[in-house]
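Colleague:
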Amino acid sequence: MLRKISALAIVCSSLFLTAKAQDSTTGTLKITGSVDGYYRYNFNNAKDVPSINNFTSFTNSHNSFELGMASVKFDYTKGKIGAVADLGFGTRAAEFSYNETGVLAAVKQAYVTYAPSDKVKFTMGKWATHMGYELLDPQLNRNYSMSHLFSYGPFSHTGLKVDFSLGGGFGLMVGVANPTDYISAPFAKKNVIAQVSKTSDIVSAYLNYVGGKDLGDNNVNQIGLTVLAPVTSKFGLGLDAAYKTVDPSAAGPNVSWWGTALYVNIDPTDKFGITLRGEHFSDKDDVTGYLSGSPVTAGTVSFNIKPVPGLMIVPEFRLDAAKDPIYFKNSDVLPSQKSTGSFILAAVVSF
Numbered sequence: 004m005l006r007k008i009s010a011l012a013i014v015c016s017s018l019f020l021t022a023k024a025q026d027s028t029t030g031t032l033k034i035t036g037s038v039d040g041y042y043r044y045n046f047n048n049a050k051d052v053p054s055i056n057n058f059t060s061f062t063n064s065h066n067s068f069e070l071g072m073a074s075v076k077f078d079y080t081k082g083k084i085g086a087v088a089d090l091g092f093g094t095r096a097a098e099f100s101y102n103e104t105g106v107l108a109a110v111k112q113a114y115v116t117y118a119p120s121d122k123v124k125f126t127m128g129k130w131a132t133h134m135g136y137e138l139l140d141p142q143l144n145r146n147y148s149m150s151h152l153f154s155y156g157p158f159s160h161t162g163l164k165v166d167f168s169l170g171g172g173f174g175l176m177v178g179v180a181n182p183t184d185y186i187s188a189p190f191a192k193k194n195v196i197a198q199v200s201k202t203s204d205i206v207s208a209y210l211n212y213v214g215g216k217d218l219g220d221n222n223v224n225q226i227g228l229t230v231l232a233p234v235t236s237k238f239g240l241g242l243d244a245a246y247k248t249v250d251p252s253a254a255g256p257n258v259s260w261w262g263t264a265l266y267v268n269i270d271p272t273d274k275f276g277i278t279l280r281g282e283h284f285s286d287k288d289d290v291t292g293y294l295s296g297s298p299v300t301a302g303t304v305s306f307n308i309k310p311v312p313g314l315m316i317v318p319e320f321r322l323d324a325a326k327d328p329i330y331f332k333n334s335d336v337l338p339s340q341k342s343t344g345s346f347i348l349a350a351v352v353s354f
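Under this note's numbering, the residues of the sequence shown are numbered 4 to 354, in order.
Structure, rendered in structure tokens:
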């Protein structure tokens, strides 16, 4: 009897080791994604003009139901290697990959990784930027509309980077990439990217940098700080701050913009949350080319309603106020308003 039990144990052990070997050979594939849509109404009723009183990304509409993005992400891992193919279709994806056309416009991210140890990981391809608090995918944000800091900062980088885990919650990332938001660029045009991070249960901070030549041969440098502080399970704070300079290759003065945003996250229950975002964005040199050099202060309140797992409904009110008249009213052909308000109702399903 003992001999039979031993033989059975050997067979079971052999089957387990074979299955484990097969698992390590084939790897694992994780598929996630989301679909979102929204309605936006601008209270200035701006229409038939070049601007619909929205100088941020992804919600450029008025009194219209719109598709945000249908997105699917394939995440494959096998031992020390990995690959990600993240595809998106719709307004968000098209604006995110605004420098690309055709099939490439649908590629949000596509990269391969190699981790020779648990402390070092190499990544090559296209990935979403490390700069800032907000992210492209709507289910990963608490506000549906985007900040000016997100809209005028980098969206993505294409290049090679290496992440180091230094212990004690400290991390370091360094890399070289094409100019911001370009999948392809001449070899002479390259940027340096970097991040120093410290993460903990109390507060996490990320000091970020992007700098180098753009396609106009201008020297561009941007530094940013992102801080996350989950004070309690029902209350948290976030901070995003950035400063960007552009040194023109032609004769002319250096120009710059800066901005800061504070996020207050309140979650009375698992199914209901509120986020308050206050932002100030100063572009007196009109580096962005959209705000006419007028500083803007914006306040947003977003309600996160989650009636069932996987569904988030976001009613949102937003007020933007500028130092100078840069907003339109009704069918005006010239800006006449220093402020504008908007309402958004968005729905996001993620899986």
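Glycine residues also receive a C-beta, built at the ideal position from the N, C-alpha and C atoms.
From a predicted model like this one, the values you see are computed outputs, not experimental measurements.
1. Tell me, which residues are paired with D250 by DSSP?
2. Hey, quick one: how far does the alpha helix (DSSP H) through S154 stretch, first residue to last?
3. How is A24 classed by DSSP in three states: helix, strand or coil?
4. Does DSSP put V206 in a helix, a strand or coil?
5. Just the C-alpha distance for S305 and D270, rounded to the nearest angstrom, thanks.
6. Go to A97, then tell me how far its beta strand (DSSP E) extends in each direction, as first and last residue.
7. Between the C-alpha atoms of Y246 and N224, what's the straight-line distance to the nearest angstrom?
8. Per DSSP, Q142 is paired with what?
9. Which first and last residues belong to the beta strand (DSSP E) in which S200 is found?
10. If I measure Cβ to Cβ from G93 and keep anything under 7 Å in the same chain, skipping five residues before and after, which residues do I get?
11. Answer yes if the segment 230-238 comes into contact with the segment 214-222, meaning at least three C-beta pairs across the two stretches below 8 Å, and no otherwise.
12. When the Cα of S353 is compared with those of P312, A88, P328, N66, which residue comes out closest?
13. For N146 and M127, what's the separation of their Cα atoms in angstroms?
14. With distance defined between alpha-carbon atoms, name the residue in M176, T229, T62 nearest to G135.
15. State the Cα-Cα distance for the pair A109 and N56, rounded to the nearest angstrom.
16. For A416, which of helix, strand or coil comes out of DSSP?
17. With which residues is I329 paired in a DSSP beta bridge?
18. Do A253 and S150 have their C-beta atoms within less than 7 Å of each other?
19. Is it true that the CB of F167 sits closer than 7 Å to the CB of V123?
20. Just to confirm, are T59 and S154 a CB contact at a threshold of 7 Å?
21. What number of angstroms, rounded off, separates the C-alpha of P157 from the C-alpha of F331?
Modeller: According to the data block:
1. In the sequence shown, residue 250 corresponds to position 247, counting from 1. Checking the DSSP bridge columns, you'll see D250 partnered with N222.
2. For this step, residue 154 is matched to residue 151 along the sequence shown. Note, S154: alpha helix (DSSP H), 151-155.
3. Stepping through the sequence shown from its first residue, residue 24 is reached at position 21. Reliability of the predicted coordinates at A24 is poor, the pLDDT of 39 falling under 50, and no value is obtained from them.
4. For the purposes of this step, residue 206 is identified with residue 203 of the sequence shown, where counting begins at 1. Reduced to three states, the DSSP call for V206 is coil.
5. Here residue 305 corresponds to residue number 302 of the sequence shown, with the count starting at 1. Here residue 270 corresponds to residue number 267 of the sequence shown, with the count starting at 1. Their backbone Cα atoms lie some 12 Å apart in a straight line.
6. Mapped onto the sequence shown, residue 97 falls at position 94. Here A97 belongs to no beta strand (DSSP E); instead the alpha helix (DSSP H) covers 94-99.
7. Counting from one through the sequence shown, the residue named residue 246 turns up at place 243. Counting from one through the sequence shown, the residue named residue 224 turns up at place 221. Rounded to the nearest angstrom, the gap between the Cα atoms of Y246 and N224 is 8 Å.
8. One-based indexing of the sequence shown puts residue 142 at position 139. DSSP, once it has assigned bridges, lists no residue as partnering Q142.
9. On the sequence shown, residue 200 is found 197 positions in, with the first residue counted as 1. Residues 194-201.
10. Indexing the sequence shown from 1 puts residue 93 at position 90. Closer than 7 Å at the Cβ level, and outside the excluded window around G93, lie L70, G71, M72, A73.
11. With fewer than three CB-CB distances shorter than 8 Å, the segment 214-222 does not count as touching the segment 230-238.
12. The residue labelled residue 353 in the question sits at position 350 within the sequence shown. Minimum Cα distance to S353 is reached at P312.
13. The residue labelled residue 146 in the question sits at position 143 within the sequence shown. The residue labelled residue 127 in the question sits at position 124 within the sequence shown. Cα to Cα, the separation comes out at about 30 Å.
14. Reading the sequence shown from its first residue, position 132 is the one you call residue 135. Nearest to G135 by C-alpha distance, out of M176, T229, T62, is T229.
15. The count along the sequence shown starts at 1 and reaches residue 109 at position 106. The count along the sequence shown starts at 1 and reaches residue 56 at position 53. Going from the Cα of A109 to the Cα of N56 covers about 27 Å.
16. Since the displayed the chain opens at 4 and closes at 354, residue 416 lies outside it and no answer follows.
17. Mapped onto the sequence shown, residue 329 falls at position 326. The secondary-structure analysis by DSSP pairs I329 with nothing; it has no beta-bridge partner.
18. Locating residue 253 in the sequence shown gives position 250, where the first residue counts as 1. Locating residue 150 in the sequence shown gives position 147, where the first residue counts as 1. By the CB criterion at 7 Å, A253 and S150 fall outside the cutoff.
19. Counting from 1 along the sequence shown, the entry for residue 123 is found at position 120. Counting from 1 along the sequence shown, the entry for residue 167 is found at position 164. Cβ atoms of V123 and F167: closer than 7 Å.
20. By one-based count along the sequence shown, residue 59 stands at place 56. By one-based count along the sequence shown, residue 154 stands at place 151. In this structure, T59 lies near S154, with their beta-carbon atoms less than 7 Å apart.
21. Position 154 of the sequence shown, counted from the start, is the residue given in the question as residue 157. Position 328 of the sequence shown, counted from the start, is the residue given in the question as residue 331. Approximately 28 Å between the Cα atoms of the pair.
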